[in-house]
Each structure stands twice: as C-alpha cells, then as structure tokens.
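Q:
There are 2 protein chains.
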Amino acid sequence: MTGTEGHGVDTHGSAPTLEKVAARAGVSRATVSRVVNGSPKVSDDIVARVRAAIDEMGYVPNRAARSLASRQAHAIALVIPEDTSRFIGDPFFAMLIAGINERIEDSHYVLNLMLANDDPSGKTVRYLAGGSVDGALVVSHHEMDAFLDALPGLMPVVFGGRPARSTSGGHVVDVDNFAGARTGTERLIERGCKRIATITGPLNMPGGRDRFSGWKAAIRDAGLEQGPIAEGDFTAIGGARAMRELLDSSQGFDGVFIASDLMASGAVPVVYERGLRIPQDLKVVGYDDSPAATLVEPGLTTVSQPSRRMGWIMADILLGLLAGRDVYPNEVILDTELVVRETA
Amino acid sequence: MTGTEGHGVDTHGSAPTLEKVAARAGVSRATVSRVVNGSPKVSDDIVARVRAAIDEMGYVPNRAARSLASRQAHAIALVIPEDTSRFIGDPFFAMLIAGINERIEDSHYVLNLMLANDDPSGKTVRYLAGGSVDGALVVSHHEMDAFLDALPGLMPVVFGGRPARSTSGGHVVDVDNFAGARTGTERLIERGCKRIATITGPLNMPGGRDRFSGWKAAIRDAGLEQGPIAEGDFTAIGGARAMRELLDSSQGFDGVFIASDLMASGAVPVVYERGLRIPQDLKVVGYDDSPAATLVEPGLTTVSQPSRRMGWIMADILLGLLAGRDVYPNEVILDTELVVRETA
DNA sequence: TTGTAAGCGTTATCAG
DNA sequence: CTGATAACGCTTACAA
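Chains as they are written, first to last, in our numbering: chain W, 1 to 344; chain G, 1001 to 1344.
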C-alpha cells in the first residue's frame, strides 16, 4: 500500500496557495494575505469568507515565500559552542532549552539548534549570516569562542552567561553566582554551623570564582573564620576527591558549601564512609539544584539557578528586540533561590 | 563605531545577491547559481572567476529564495512530544540530540527543534505541513501522540523508538529493550544470584514491557524462579517506593534488575536504609547507563543504550531518504551493551 | 558550456 | 477597504 512513491522532493498534490484561496473566496490575493496576517482593515464579512476558504482548503502559508518577501526568517538560532559530551552531561542545557521553548512556543518563530564545538569551516557563522535567522541566542558555560565575535554585528544577539570575551554588543542574561553562594553559605550559618569549609569550582572560571567569593563574603559578614578549602572541578569524582582532602586536613568543620551538586553527589558518600552523619555531624549545601540534588541521600539543600527562566528571558529579550522593543536592561542578572532539603 | 544602528529588521547594507556576483564576475546569474551548486558543466576558468567574485563579496545564498525556487527547505525537524519536565529530567534526549547533530553537522541541513508537549492548536503539525522542513525525526519514550499520525503521509519521517500507535509509514530506529534486559539479568545470574527481583518501568509503555519480558526470559532460561516484582515509573522517587515494596514483600531476593538507572538511583539508598550491603547482600543492575549510574554509590552496573548512536542513525536515514536513497531496513534495531561497575 | 526567462508564493506599495 | 502589480533572490527548463 505504501512505499512506492518515495516523496523525496515534491509535496503531495501541491498545497493550496494564496492565489487559490483567493479564487475560492472570490477576492484578491492581497486581501487573503491581509486576512492571514491579521490586518485590521478588512471588512468583517470578507474576513469570514476568506477564513472559511482557508479552512476548507487547509491552506498553510509557505514559509520560504513569506521570508523572501518580508525579509524576515521568523527563526532564531540557539548556538551552543560546546562539545557534545559537555552538552550531554550538563542538565543546564536541557533546562535552558525548555525555557526557551516555552517562550517561543506561542510566538510564530521556530528554533534552529546549532551545537558548534568549534567552527573550523566557518559554517555556523556563514549560515547565520545568510539571513536564515533573525537573531541568535548564544550560551556556553565557558569562554565564548572567537568565531562568534562577529555575531552581534550581524543580528540581535542575547548571550546566556556573561561571555568571558568582550561582549561588544548584544544583551546578556546571567545568574548572580556571588549572591547565590552567599545565600547558600548563610543557610549553614543560620543552622548553627561555626566552621564552614568549601569545595570550590575551578577557579579559572567566572562561575567558580564568583561562588568562592560569595562563600568568603558570607563567612566574613558573620564574623566567622574560614574553614578548610579544596578546589574541585564540577565533577562528581572531583567532589569526592576534594571531600577526602577536606576531611584529611585535620581542620575540623561542621558545615560545607559545595559549589555544584554534581560535586556534592560525589562528596556526600565520602562523608558516610568516614562514619559521619548528615546533617547531624556535618551540614551540606550544594549549588545548581540539578537532578543530582534529589538523587543524593538525604536530599541535598542547594541553591537553585533559574536555568529555565534564564532561557525564557533570553528568548523574551530576543523576541522583543525583533519586534523593535528593547525594554530589558542590557544586562539582566537573575536571582538564585535557596532550595531547602535535608542536608542543611 | 558600533551600536547606534539598531538592526531591527534589515540587514547591513543589503547582502550581495546572485545578480551582483554575476555582474562582478561578468557572467549570468544562472552561471553563478551553477557554480554555487557545484554543477559539473561549467568551464574551469569561469568557475574560478565566479568563486573569486563570491569570496571577494562575501556572498552567501539566501535560504528563503533558494527554498522557494527549489521547493526544498533544507531543514529537518526534531519533534519531541514530551512535556518539558520530562525533557529536562531525561539525559536520553541530550544524547540523542548530540548524535543527530553530529550527523547533520556536515550536511547542509539545519535542525529545527520542536518540543511539543501536546498540540492543542495543531500548531506543530501545521508548521510541519507548511513545507518548512523536508523531513522529520520523531522521538518519545511513550506513545506517539495522535496529532503526529498524519506526518508520515506528508514527508519522510524517522521514529526513534517504536511508536506505540500504528507506524503507518516512516522508518523506525529502536533499541533492543528485550535483549538488553535479558543481558542485564543474566549478569545477575552469572554473579550467582538465585532469586532475582525486578523493578519494572511503566507496563503501558513498550520499553517498560519489553524490559520486563527480557527479565522474565533470562530467569526462565536459567531455570530459576521469579523473585518479587514491583512496577515503577522511571523516576527516582518511584524507584525508592518500589524498592520498599520489594523489601517489604517478605520474599527474599539476592539480586534485582531495575529497568532504569533513575529508578535505581532512588532504590539504592533504600537498600542501605534497611542495613543491606551492595553488592554483598544484594546485587543490582540498572538500565540506561545514564549519568545517574555513576552518581550512585557504589557505581551502578547497568545496560547501556546507544542513544547517541540512535540519533546519528536516525539522522543518517532521514538524510538518505531526502537524497533519494533508502538503504536502511524499515526497522533498525540497535544493540545494547552491558556496563559493569560495582553493584553486580 | 552559457544565457534567457519564467516561475516559486508572499508581501508591500500604490492607486482606486 | 480592496485590488493590481511590482519586487524578494534563486532555480531551472529551454534556447542559443
């Protein structure tokens, strides 16, 4: 029954066009176009007639033709300059995409996904420059790659996470890592911890550094002394190693702020190994509110980054820009939120 | 130097067109088009001249115009009919996307991402039907939604995971859930387990059912008796609940096959709660080889699904179809692989 | 091998 | 409020 056609190129029996709908409704092509685009100056009865024709014929506007004529692609690109393994391992991206999708869903824009580890051929930029998209969302945890420097000159761009390179145009949406870390550490203080250690992220990353500073600030402001410090690498294994380091340091501590849940998920079992109880003997606060936070037993108190909302806002800014509105400040900093579970 | 224009709609100084390149190279528009599209019947010197002009002017073909004329969108859609929370929680999607991206990267197609929880307005289908994409990749863990039934009639479609509804056309790439579950269970048997329990996935999902069958088959083939059975829901919480059920069932068991790592990550802590040791008292095998598998302590022995490769192959099939080739069988079944860690 | 010219389906600018 | 009529930038027979 099926299978012999091989609809490689052409559509089934050619979809209805504006022209045909116009003929059916007994009006001009232009009028149908107006109706389709919701122009206010069309008489009600004609609108009704055209609508009817459209429904009956199952008319769908042709994107390509529309783009060509209007010089708008009605598409935006999501550029993620990360290698795929990173993209896979970090739930941040999925949340971000979900947020972006939520905002874009009920616009008439579509999302082009471009995972571009590096750009040897310049394909990505060339594509973007080809007018196939009206704007771009660029996200990455680490430094923005050079090949994207030209982008803000070509079209509206919104960066997710402050780019390490000079922004040179484009809006930025970022999370307040400093404040988040401070809040997390303050939770430990409120719960009565007197000596608080930390497992930091890599200190050569903006996020890692800012969280470390937040920890220090909270401790200073509370008039406490810093507990032991170990540098981690945002991985579970690294977290375990760092926790061993901390426990071996012979400096006692009753609370620890760990700069990522993934690291915490590696660190917590180490604590048990040593026969300590959480939260009775040691209170723990993580960072990210990643799925790992609920996998840890007991549930990890952590600092939630609004990754999803970040995506939503990035899309909202870009869509606004494309509509000619520019209501957001050039740099939007999102607040984090403390998620209290059982470890602190 | 920059910043004052506000490129709301129009491009900078209008990008060069075929026409202009033609003028510059002293040939006709058609010839430039041929060169751009790599037609073999253009003399070498003209090719060179045109190429030079293209480079000098930085010409990039306009997608919309090209699509309009050639009736090909050079885009494919990735349709994920899941609600966003699911999309976020399940690393499967990220892996799949990575695989798809790898295949598509060096084609000249772009990927349109469509997360479509449900389709009340029919927006998704209407979009797809509008000729904006040449083909579609459809993935979901659960039953394909009705609103996608029409798709294979409109364009080439490749499903990821056997759709629960009638396939009615379209290729399918799936993982051998049955064999995977059997292999995982066999591992428990080899390790000396005599009475093996299972936490199943939802039994109204093909994947859940097939894994359950695989477990049963392995046990039957080994001449053992089935241990207790609890139905889970592919979530960590559900896994914990199911494990309690199992442990409360007063039926002893020394091994358990858990149909997803996420469930296992919830179930394992429950085992410790009851004072049992893994793997000494109870051996555990999970399924998915998701990141959760390495977060669990000790490392979870599990069955790896080639999600990434699945994405790659899906894209490869679709691209082939679009190029007029149809070399894959209608249904491609991928093998799973046992990943041995510490729990069994 | 190269050029000419007719679309592709919309939008947008004019008149009416 | 409605209708002609140009574009939009490219592909593709058909000629030359």
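Positions of the beta carbon are idealized from the N, C-alpha and C atoms, including for glycine.
The model shown is predicted, which means the values in this text are computed figures rather than measured ones.
(1) Quick one: Cα of W/ALA344 to Cα of W/VAL296, how far?
(2) So, for G/VAL1036: in the same chain, excluding its five sequence neighbours on each side, which residues have a beta-carbon less than 7 Å away from its beta-carbon?
(3) Listed in chain order, which residues of the region 1052-1069 of chain G have Cβ atoms closer than 9 Å to some Cβ of chain W?
(4) Sort W/MET314, W/ASP335, W/LEU338 by Cα distance to W/VAL327 and report the nearest one.
(5) Mind pulling the chain W residues with CB within less than 7 Å of G/ILE1088?
(6) Only counting the same chain, and skipping five residues up and downstream in sequence, which positions put a Cβ closer than 6 Å to that of G/GLY1214?
(7) Please report the straight-line C-alpha distance between G/VAL1027 and W/ALA129, rounded to a whole angstrom.
(8) Which residues of the region 1280-1302 of chain G have a Cβ closer than 9 Å to any Cβ of chain W? Give them in chain order.
(9) Residues in its own chain within less than 7 Å of G/PHE1234 by CB, not counting five upstream and five downstream?
(10) Looking only at its own chain, which residues have a Cβ that is under 8 Å from the Cβ of G/VAL1021, when we skip the five neighbours before and after it?
(11) Just to check my reading of the structure: W/THR185 and W/ILE199 have Cβ atoms closer than 8 Å, yes? What is that Cβ distance to the nearest angstrom?
(12) Within the 9 Å Cβ cut-off, does W/VAL110 reach chain G?
(13) Please classify W/LYS283: is it buried, with 16 or more other beta-carbons within 10 angstroms of its beta-carbon, or exposed?
(14) Sort out for me which residues DSSP pairs W/VAL32 with in a bridge.
(15) For my contact list, W/ILE419 and W/VAL158 are in at a C-beta cut-off of 8 Å; report their separation, rounded to the angstrom.
(16) Alpha carbon to alpha carbon, what distance is there between G/LYS1216 and G/GLY1223?
(17) Using the beta-carbon of each residue, which ones in chain G are nearer than 8 Å to W/ARG126?
(18) At what residues does the beta strand (DSSP E) containing W/SER304 begin and finish?
(19) Using a Cβ-Cβ distance cut-off of 9 Å, determine whether W/THR336 contacts chain G.
(20) Could you have a look at W/ILE333 and say whether DSSP puts it in helix, strand or coil?
(21) Below 6 Å CB to CB, which residues in the same chain sit around W/VAL340 once its five sequence neighbours on both sides are set aside?
(22) Going along chain W in order, which residues have a C-beta closer than 8 Å to the C-beta of G/SER1265?
(23) In terms of DSSP beta bridges, what is W/LEU282 paired with?
(24) For G/GLU1225, list the residues DSSP reports as bridge partners.
(25) Does G/GLU1331 come within less than 9 Å of chain W when only Cβ atoms are used?
(26) Can you tell me where the beta strand (DSSP E) with G/LEU1078 in it begins and where it stops?
(27) Inspect the CB distances between the region 104-119 of chain W and the region 72-85 of chain W and report whether three or more fall short of 8 Å.
(28) Using the beta-carbon count (16 or more within 10 Å), is W/LEU276 buried or exposed?
(29) Would you say G/ARG1309 faces chain W, with C-beta separation under 9 Å as the test?
A: Checking against the coordinates, here is how it stands:
(1) Residue numbering aside, residue 344 of chain W sits at position 344 when the first sequence is read from its first letter. Residue numbering aside, residue 296 of chain W sits at position 296 when the first sequence is read from its first letter. Distance between the alpha carbons of W/ALA344 and W/VAL296: 13 Å.
(2) On the second sequence, residue 1036 of chain G is found 36 positions in, with the first residue counted as 1. These residues qualify, in order along the chain: PRO1061.
(3) Against chain W - using a Cβ distance shorter than 9 Å - the residues of the region 1052-1069 of chain G are GLY1058, VAL1060, PRO1061, ASN1062, ARG1063, ALA1064, ALA1065, ARG1066, SER1067, LEU1068, ALA1069.
(4) Along the first sequence, one-based indexing puts residue 327 of chain W at 327. Measuring from the Cα of W/VAL327, the nearest candidate turns out to be W/MET314.
(5) Translated into the one-based positions of the second sequence, residue 1088 of chain G becomes position 88. Neighbours of G/ILE1088 in chain W, taken as residues whose beta carbon is under 7 Å from its own, are PRO91, ALA94, MET95, ALA98 in chain order.
(6) Walking along the second sequence from the start, residue 1214 of chain G turns up at place 214. Same-chain partners within the cutoff: PHE1178, ALA1181, ARG1182.
(7) By 1-based counting over the second sequence, the position of residue 1027 of chain G is 27. By 1-based counting over the first sequence, the position of residue 129 of chain W is 129. Going by the C-alpha atoms only, they are around 25 Å apart.
(8) Residues of the region 1280-1302 of chain G with a Cβ closer than 9 Å to any Cβ of chain W, in chain order: PRO1291, ALA1292, THR1294, LEU1295, VAL1296, GLU1297, PRO1298.
(9) As a first step, residue 1234 of chain G is located in the second sequence; it is residue number 234 there, counting from the start. Cβ neighbours of G/PHE1234 beyond the five flanking positions: GLY1201, PRO1202, SER1260, LEU1262, MET1263.
(10) Residue numbering aside, residue 1021 of chain G sits at position 21 when the second sequence is read from its first letter. The beta carbon of G/VAL1021 is closer than 8 Å to those of VAL1032, VAL1050, ALA1053, ILE1054, MET1057, TYR1059 in its chain, skipping five residues each way along the sequence.
(11) Position 185 of the first sequence, counted from the first residue, corresponds to residue 185 of chain W. Position 199 of the first sequence, counted from the first residue, corresponds to residue 199 of chain W. Taking C-beta atoms under 8 Å as the contact rule, W/THR185 and W/ILE199 fail to qualify, at a distance of about 12 Å.
(12) Taking the first sequence and counting its residues from 1, the one referred to as residue 110 of chain W is at position 110. Chain G, which has a Cβ nearer than 9 Å to the Cβ of W/VAL110, makes this yes.
(13) Numbered from its first residue, the first sequence carries residue 283 of chain W at position 283. Here W/LYS283 is buried: its Cβ has 16 or more other Cβ atoms, across all protein chains shown, within 10 Å.
(14) Here residue 32 of chain W refers to the residue found at position 32 when the first sequence is read from its first residue. Answer is none; W/VAL32 lacks a bridge partner.
(15) This structure cannot settle anything about residue 419 of chain W, because the visible part of chain W is limited to 1 through 344.
(16) Here residue 1223 of chain G is taken as the residue at index 223 of the second sequence, counted from 1. Here residue 1216 of chain G is taken as the residue at index 216 of the second sequence, counted from 1. Each residue's Cα considered, the two are about 11 Å apart.
(17) Your numbering for residue 126 of chain W matches position 126 in the first sequence. Correct list: VAL1060.
(18) Looking up residue 304 of chain W in the first sequence gives position 304. W/SER304 -> beta strand (DSSP E) spans 302-304.
(19) Reading the first sequence from its first residue, position 336 is the one you call residue 336 of chain W. No, W/THR336 does not count as interfacial toward chain G.
(20) By one-based count along the first sequence, residue 333 of chain W stands at place 333. In the three-state scheme derived from DSSP, where H, G and I count as helix and E and B as strand, W/ILE333 is classed as strand.
(21) Reading the first sequence from its first residue, position 340 is the one you call residue 340 of chain W. The residues are THR301.
(22) Within the second sequence, the letter at position 265 stands for residue 1265 of chain G. Under the 8 Å cutoff, chain W gives LEU295.
(23) Stepping through the first sequence from its first residue, residue 282 of chain W is reached at position 282. DSSP output for W/LEU282 lists no bridge partner at all.
(24) If you number the second sequence from 1, residue 1225 of chain G lands on position 225. G/ARG1195.
(25) As a first step, residue 1331 of chain G must be located in the second sequence, where it is residue number 331. The C-beta of G/GLU1331 comes no closer than 9 Å to any C-beta of chain W.
(26) Here residue 1078 of chain G refers to the residue found at position 78 of the second sequence. Its beta strand (DSSP E) spans residues 1075-1080.
(27) The region 104-119 of chain W, when compared against the region 72-85 of chain W, does touch it at the 8 Å Cβ threshold.
(28) Mapped onto the first sequence, residue 276 of chain W falls at position 276. W/LEU276 should be labelled exposed.
(29) The sequence position of residue 1309 of chain G within the second sequence is 309, counting from 1. Output row for G/ARG1309: interface = no.
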